[in-house]
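Each remark here refers to the structure printed beneath this line.
There are 2 protein chains.
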Amino acid sequence: MPSCRKRQARSPTRTGEAMNAPFPLTDEETVELGALNESVGFMLRMTQTRAYDQFFRDFAGTDVRPGEYTVLQVVGMNPGLKQGSLARTLNIKPAHMTKLVQRLVRAGYLKRTVPPEDRRSVRLALTQAGQAHVDRHHARFLSVHRAERIGLTDAENATLLALLKKLSFNEDPECP
Amino acid sequence: MPSCRKRQARSPTRTGEAMNAPFPLTDEETVELGALNESVGFMLRMTQTRAYDQFFRDFAGTDVRPGEYTVLQVVGMNPGLKQGSLARTLNIKPAHMTKLVQRLVRAGYLKRTVPPEDRRSVRLALTQAGQAHVDRHHARFLSVHRAERIGLTDAENATLLALLKKLSFNEDPECP
DNA sequence: TATTGTTATACTCTATAACTATA
DNA sequence: TATAGTTATAGAGTATAACAATA
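In order, the protein sequence lines correspond to chains A and B. Numbering follows my numbering, with no gaps: position 126 of the first sequence is 126. Numbering follows my numbering, with no gaps: position 26 of the second sequence is 26.
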């Protein structure tokens, strides 16, 4: 799943190699992004796909996937968490969360409890195997995006995290 | 598609409302994220899903989608771009790019040209309708993530963009 | 042989609505 | 009537491999 493509953006240099080409030919692989360079949404998408690539490269050969590991990690931090709270926190739709949880229960990592005080709801906790799984991969999970791995200084990394956090937990002005 | 969920993280306050509950109950909806708070990959995912929500809210009622608009925008900036270059630049897999392009050709926004100098390849350009489409939605596309919309100052926004760009265009040390 | 793009298949994530069982 | 979760279905994105045409 990795994709070690060489990319390169910017630098509007033209080559003269095809003067009468039907298009003003640019240097192949040198692509002008224009206004996209100023779009937070676009840049988030670009960086996120890179982060995914790096994750799958680091966890190649294991059955660890980002969504599942995140769920296990959060349940581990919050034993007895309600499935709905988990879904809202991680911005995962209830229908999808149901399937995710079913998979993790089947894998033996999660256990579900229907609490007597509200028998509609489901509380989640790690099994022993689930806790072991989280522990086993914890260090690797944290190292995936260590600053030096991704080409940032520690200070830049801290700034980036702070800005992303601010973005992520801001209430949306359009959302009443 | 929006999801105006209230989220809240952090603050490990416990409520005492169920002393003998099977789990150390936390305040509902107050979820501890632990190490995930330091994970760039996790935070990128959280912010990107928010950015998507905001995009679809702003473009509700139109047929504009982020991936398609990005493709049209980039082709507009680079007329005659080869389909493969476009795919590599935007980190989109060739198989997916084929379908994206087919859809945009069918919508009348893109035209394909097989150049005589390499008849395996395909060069892309906007049709008049495609250019009009890009122009019509350009301002809105840029406004989706304007600093004030997302709760950052202009300076923070610039810093964030610079860091994301650095992240995005860094060669991966693991990728030879 | 290698490259460009296409087709086909499958799996993940997402969106939506209809459903159940509780409250 | 509202809420928590489930089921079912569909769509979009992605990964992979096999393929055609061309280089």
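Each residue gets a CB set at the ideal place from its N, CA and C atoms; glycine is no exception. Predicted, not measured: the structure shown is a model, and the values here were computed from it.
Put simply, the CB of Met46/A is near chain B, with a gap under 7 Å to one of its CB atoms. Here the C-alpha atom of Gln128/B lies approximately 28 Å from the C-alpha atom of Tyr52/B. Residue burial annotation: Asn78/B is buried, with at least 16 other C-beta atoms found within 10 angstroms of its C-beta. Taking 9 Å as the cut-off between beta carbons, the residues of the region 49 to 83 of chain A near chain B are Thr49, Arg50, Ala51, Tyr52, Asp53, Gln54, Phe55, Arg57, Asp58, Pro66, Gly67, Thr70, Gln73, Val74, Gly76, Met77, Asn78, Pro79, Gly80, Leu81, Lys82, in sequence order.
Taking a cut-off of 8 Å on C-beta distances, the region 123 to 141 of chain A touches the region 63 to 78 of chain A, as three or more cross pairs fall below it.
In the DSSP annotation of this structure, the continuous segment of the beta strand (DSSP E) that includes Thr113/A starts and ends at 110 to 113. Around the Cβ of Ala87/A, a 10 Å sphere holds 16 or more other Cβ atoms; the residue is buried. Under the 7 Å criterion on CB atoms, Val101/A is classed as non-interfacial with respect to chain B. Annotated three-state conformation of Ala60/A is coil, per DSSP.
Nearest in C-alpha terms to Lys93/B, of all of Gly67/B, Pro115/B, Val144/B, is Gly67/B. Contact annotation: the region 52 to 66 of chain B does not touch the region 94 to 103 of chain B, with fewer than three C-beta pairs closer than 8 Å.
If you ignore the 5 residues before and after Asn157/B, its C-beta comes within less than 7 Å of the C-beta of Ala147, all in its own chain and listed in chain order.
In this structure, the CA atom of Ala35/A is about 8 Å from the CA atom of Leu142/B.
Distance from the Cα of Tyr69/A is smallest, within the candidate group Leu161/A, His138/A, Ser121/A, Arg120/A, for His138/A.
For Met43/B, a Cβ of chain A is located within less than 7 Å of the residue's own Cβ. Residue-level contact by beta carbon holds for Thr89/A and chain B, with a gap shorter than 7 Å. The shortest CA-to-CA distance from Asp154/A to any of Leu33/B, Val31/B, Glu38/B is the one to Glu38/B. Per DSSP, reduced to three states, the secondary structure at Ala51/A is helical. By the Cβ neighbour-count rule, Gly61/B is exposed, with fewer than 16 other Cβ atoms within 10 Å of its own. Comparing alpha carbon positions, the residue from Pro115/B, Ala125/B, Gly84/B closest to Leu104/B is Ala125/B. Gly34/A belongs to the set of residues whose beta carbon lies under 7 Å from a beta carbon in chain B. With contacts defined as CB atoms closer than 7 Å, Met46/A and Ser168/B qualify as a contacting pair. Per DSSP, the continuous alpha helix (DSSP H) segment holding Leu163/A begins and ends at 154 to 169. Residues of chain A whose Cβ lies closer than 8 Å to the Cβ of Leu152/B are, in chain order, Leu163, Lys166, Leu167.
The C-alpha of Asp135/A is placed about 19 Å away from the C-alpha of Arg106/A.
For Leu142/A, at least one C-beta of chain B is nearer than 7 Å to its own C-beta.
DSSP, read as helix, strand or coil, puts Ala125/B in strand. Scanning chain A for C-beta atoms nearer than 8 Å to the C-beta of Thr159/B yields Thr159, Leu163, reported in chain order. Close partners of Val40/A in chain B (Cβ separation under 8 Å): Ala51, His145, Ile150, Asn157, Leu160, Leu161, Leu164. The Cβ atoms of Asp58/A and Val122/A lie no closer than 7 Å to each other. Taking a beta-carbon distance threshold of 7 Å, Val31/B counts as an interface residue toward chain A.
Distance from the CA atom of Phe42/B to the CA atom of Gly41/A, rounded to whole angstroms, is 16 Å.
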